[in-house]
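Under the numbering used here, residues 168 to 1108 are what the sequence shown spells out, in order.
Glycine residues also receive a C-beta, built at the ideal position from the N, C-alpha and C atoms.
Given the structure is predicted, the values throughout are model-derived calculations rather than measurements.
What follows is a set of notes on a single structure, which appears directly below.
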Amino acid sequence: ICVSLSLFIHCICCSPLAEKRQTLATIKSESRLKHLLQRLPSYCPESMSCLWSIKPCDCVVFLLSSGVSRKSDGWVGLGCCELAISAECRRECKQVKHFKYILTFSKSDNKPLYSCITKNEMGSTCCSYAGRHTTCREYCQAIFRTDSSPTVSQINAVKEYCQSHSSQLISCVSNYTKSYPIRSPIDSLYCCDRAEDTHCQVACRRILRTMTTEHEIMEGLIEECGSQPLPQDPLWQCFLGSAHPPAKTDVEASPPAKMDCAKLHCCSKANTSLCRDMCQEISTNWGIQTWQEFDQLCEYNPVETELITCLADVREPCQLGCKDLSYCTNFNNRPTELFRSCNVQSDQGAMNDIKLWSNGTIKMPFMNIPVLDIRKCRPEIWKAVACSLQIKPCHSKSRGSVICKSDCVDILTQCGDRKRFHEGQTPERICDMLSPIDDPERCIHLHKYLIPSSLGNSIIEEVIHPCNPNPCPSNHVCQVNRKGCHDELNCQPYFCVPGCKLGEASEFLVQQDAHIQVPTRTGPAGCYEVCSCGPSGRLENCEDMPCVDTTKSCIVGGQRKSHGTSFRVDCHTCSCFAGETICSTRQCLSVDSSDEDRQRFTGLPCGCPDRFVPVCAANGRTYPSACVARCMGFQDHQFVFGHCRLSDPCATKPCQRNQRCVAKRRVCLSDSSDCLQYECVGRPAVCDKNSVEPACDTDGVVHASLCQLQQSGKTLAYMGQCQDVCRRPQPVCGHNGETYNTVCEAFSDRVAMDYEGPCHAVGAVSALASDSACSLIPCPPLSTPGCVPVTPPGACCPLCASMLQILWNKEQMNIFSKLNRNQPVTVHDVLQILRLHVSVPQCDVFGYLSIDHELVVLIAPVDQQPTPLQIEACSKEAEKIDSLINYASPTLVSHVPLSAFLTSETKTSTIRSSGPAPPSPLPLGLCLLLALLLSAASVLH
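Right, here's the structure in full:
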């Protein structure tokens, strides 16, 4: 197959598969072509290879045979590109690394890059021998994951913990460590960050990477940084100290403590003091042998399920979709199922496990299980076991990856070698310890994976997962592209955003500029600090939060509820937070209510009548009546009659003469500061050309960014590309009770449409109300035949989407506001962060503050006529987020302000029956284009 790409990039693949040749040869969309090329290794036989030439750069990129290229998925050092000397090569390296290619350079001055890539390739190979033993793999990866030489303690840790699991791993690591220099100048790279001058920091990194002798390095630093090596200078203090380490003694000094704040989040979930203390130890002193004891005493302890699941979330978060496996092929083509570790390393690990188990013994951290010859005794189900333990399917409710007990007992009854069982060992007792769960919604049912996916082997384009597997460097966060690109031909469905690790020993990343809540390094449980992810790639500007007394419990109905527990009181959702019971403000209808009470029940707060006489409150939210506003705590001077969006916040001319007043509508969740509906902006001399966020003005002209729109003196209509359907005002009513000029304007505000026309009715908050006010509203038809819809609280019309109703803590929101220079926390802030947790581009996030002050989040398909598979994917995304909230998983609640979430309830749309044949799946480029061009709004018609 010979396919031309732009600017000297071309691929030659001698595949005999005619259908694949035709597939690639007929594609005209470059973004679509690149998407398919990621899967090219599976199209070519192992004897073939593809050669890429990039002439603008002095480098040649080889896509090796499928087996080797899959191995390159395991790179943990894609930052190798930074070692390329040529700026052009660095740029090309970063561009094509997404296609899993190994780069080699012809010039001798690029040896550091070649060395870096070689090291990471070797690390991928060595650590794959760890099989399903997570801790062994983590110690192995620590050897290859940094620029530093392996320390003695790191080498000893691998020997001690991996010896019983894989002699091949020990041999592989030994071959590497023996050939690695004892000390390298790049071990001191971290010192460069101590320099105050940016030029000095950049020069320092270049010098340490390109010079070898200490004299050259000293001279280079003095010349570039313009300072003498004085001990009081932070740069020299660090560099000189690291360049002359203390002499080794017979007993190696303990390494400095390294934090893993993501894991530390989990320690409070331990049910035993022993596992809680050991969790603290492994989260603050990386590299010690407590991991081995932790595995033996806590990893399979049934009372520590919540702790172990939390740690699993940090190491390997559950993600939708699995594909491109060559051994565990029955796990492929499952775009709406959750997996923790669907990647080629786990695929290889499953194959290695089968080889190890074929010796007749399954080795566990705390026991050995003797088995018969698994090559003869039910080999197909043993393969399903190995693949399940490696690929780790997980359920949204429990997020556990445990095989169902009945399957465990069945396979050990048939294939366990009872002659070699220890005294007292039986299949039942073994499985009581390994797999105590037998609920199909909370454990892995093996028979599901004895057959291929019902979706077949065809490429599924209805639902894609651009960030799974992760195409970004190890120090970048992958985000779904929902903004579009300046260059549509080179538009990727994802962004790679610089990120920060949650601590020196953590692998969990958050995006740059994010505000993160992490446990304090010292102090009791419940003490946190809020930090920001800075451009240095580290958490910085940390400020302490008031400690939360997690020992305080709540007394509810004579029963004691511990901190963090969620429960129901009548129809209310409640949560215990540091001794305070926080509940929703829903209007309840008791079981023994009279018929008259039921007829008068409106389902609105305080039993307010369902008349629509809107008022605008101080928090920027429009309430359907003054009665509802008063019920939610607003005094008469804190609201005015009318819709919030119809008022002009700039009418009083609040800005200075050299500034321009721009309306900035927002609904605030914090009330410790004013919820201003405008901002004063100056006219920037230069806008950031790299900022990609199209903005449409009221004249129907699109601008590359909001900055450029404001610089042109235009008025913003809505964010996003200008749409023909929105050129003329066509009022719609949003779920938040606001009337928008167009559906595009509502979408830009992250609000879904309830019905066409201005708002003139309010729906019930309770499902028990009669909805009399909505009876005259003509609702749009559902987007998909056979859909079982949801009706958001306060809305009139149902829609095919999944819904979260979230109870949140206002006091926590106020604390976050104060720590962020008294900037209010808004609904839009929360929705933008939640969007980052939705990994499928075919689904997007909408939401609003309900009139009874719950946060309502909708995860809806973006296509105008979504397929059942897309609706299912959005439901799974909603269930995933709901579970992360209710289990307070660090992957979600470490983000400020999401850490103020207390509990969540979810309702998902399903497909009642097959109905008419769904529309043909759209091509990837068109599907993404629809999402990026705001077609998500049309799902509400």
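- Of all C-beta pairs linking the region 855–862 to the region 821–840, fewer than three are shorter than 8 Å, placing the two stretches out of contact.
- Listed in chain order, the alpha helix (DSSP H) runs fully inside the region 766–818 are 793–798, counting runs of at least 4 residues.
- By the Cβ neighbour-count rule, residue 904 is buried, with 16 or more other Cβ atoms within 10 Å of its own.
- DSSP assignment within the region 906–978 yields the following whole beta strand (DSSP E) runs of 3 residues or more, N-terminal first: 920–923 and 969–975.
- For residue 981, the closest alpha carbon among the candidates 842, 1006, 966 and 705 is that of 842.
- In this structure residue 297 touches residue 333 by the C-beta definition: roughly 6 Å separates them, less than 8 Å.
- For residue 581, the uninterrupted alpha helix (DSSP H) run begins and ends at 572–582, by DSSP.
- One thing to note: residue 686 has its Cβ within 8 Å of the Cβ of residue 431.
- Spatial neighbours of residue 547 in its own chain (CB-CB distance under 8 Å, excluding positions within 5 residues in sequence) are listed in chain order as 617.
- Contact between the region 492–499 and the region 470–477 is absent: fewer than three C-beta pairs spanning the two stretches fall below 8 Å.
- The residues 337, in chain order, have a CB closer than 7 Å to that of residue 330 in the same chain once the five nearest residues on each side in sequence are set aside.
- Counting only unbroken stretches of 3 or more residues, the beta strand (DSSP E) elements lying wholly within the region 843–888 are 845–848, 862–864 and 883–886, in sequence order.
- The alpha-carbon of residue 1023 is positioned some 10 Å away from that of residue 994.
- Judged by DSSP secondary structure, residue 516 falls within the alpha helix (DSSP H) whose first and last residues are 511–524.
- Going by DSSP, residue 310 is part of the alpha helix (DSSP H) stretching over 301–311.
- In this chain, the beta strand (DSSP E) harbouring residue 1011 covers 1010–1016.
- With respect to the 8 Å criterion, residue 785 and residue 806 are classified as neighbours on the basis of their beta carbons.
- For residue 997, the closest of 1060, 951 and 1040 by C-alpha to C-alpha distance is 1060.
- With a 10 Å radius around the Cβ and a threshold of 16 neighbouring Cβ atoms, residue 910 comes out buried.
- The DSSP-derived three-state label of residue 552 is helix.
- Straight through space, the alpha carbons of residue 326 and residue 1068 are spaced by roughly 43 Å.
- Taking the Cα of residue 365 as reference, the smallest distance to any Cα among 402, 944 and 872 is reached at 402.
- Straight through space, the alpha carbons of residue 636 and residue 503 are spaced by roughly 15 Å.
- Judged by pairs of C-beta atoms under 8 Å, the region 698–718 touches the region 660–672, as three or more such pairs exist.
- In the three-state reduction of the DSSP assignment, residue 387 falls in the helix class, which pools H, G and I.
- The DSSP-derived three-state label of residue 735 is strand.
- According to the DSSP secondary-structure assignment, residue 686 is paired through a beta bridge with 695.
- Approximately 12 Å separates the beta-carbon atoms of residue 698 and residue 679; this is outside 8 Å, ruling out the contact.
- Look at the beta carbons and you see the region 637–649 not touching the region 604–618: under three pairs across the two are nearer than 8 Å.
- Contact annotation: residue 913 and residue 907 have beta-carbon atoms nearer than 8 Å.
- In this structure, DSSP gives residue 674 a state outside helix and strand, which the three-state scheme calls coil.
- The beta carbon of residue 1078 sits closer than 8 Å to the beta carbons of 951, 953, 954, 955, 1035, 1038 and 1039 from its chain, once the five residues preceding and following it are set aside; these are given in chain order.
- In this chain, the alpha helix (DSSP H) harbouring residue 481 covers 472–482.
- Using a Cβ distance threshold of 8 Å, residue 899 and residue 1076 do not count as a contacting pair.
- In this chain, the beta strand (DSSP E) harbouring residue 537 covers 535–537.
- For residue 645, the pairing in a beta bridge is given by DSSP as 663.
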